[in-house]
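Numbering (the numbering used here), first residue to last: 4 to 140.
Cβ coordinates follow ideal geometry from the N, Cα and C atoms, glycine included.
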């Protein structure tokens, strides 16, 4: 594909939550033909009228049933990832869970992986980039 065709690709703005607790991170399985069931950090599309941090907080509240008062959120980085038919523009945040926010259901109902083991797991291309940045922090 030529560079001029790349300019025609839609840009999809997403926000990624690197949810951490006890040196572990939460990953989700991406089951689609283009990812071959690879793991990724949880992320959500940001609507054009939405503020990125608001989208992140709403996603965390809905997905993990957590109140913003029970987490620490820190910006990590922005990455651009070219998919076959669009570009992902990903703002990523590290979401540190406070001990008071943890319930057995939260631990049991999510997929938690040791940070040091991330490169032994089949990750999407954007998750590999984010894991590299996370390891450098």
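Assignment of residue 25 by DSSP, reduced to helix, strand and coil, places it in the coil class.
Taking residue 63 as reference, the option from 50, 46 and 114 with the minimal CA-CA separation is 46.
Pairing residue 127 with residue 92, the inter-Cα distance amounts to about 15 angstroms. For residue 59, the enclosing alpha helix (DSSP H) covers residues 55-67.
For the pair residue 79 and residue 55, the CB atoms are not nearer than the 8 angstroms cut-off. Contact check for residue 24 against residue 100 passes: the beta carbons are separated by less than 8 angstroms. In terms of Cα proximity to residue 49, the closest of 16, 124 and 134 is 16. Under a 10 Å Cβ-count criterion, residue 89 is classified as exposed, with fewer than 16 other Cβ atoms of the shown protein chains found around its own Cβ. Excluding residues up to 5 positions away in sequence, 42, 43, 44, 45 and 114 lie with their Cβ nearer than 8 angstroms to the Cβ of residue 31 in the same chain. For residue 129, the uninterrupted alpha helix (DSSP H) segment begins and ends at 128-139.
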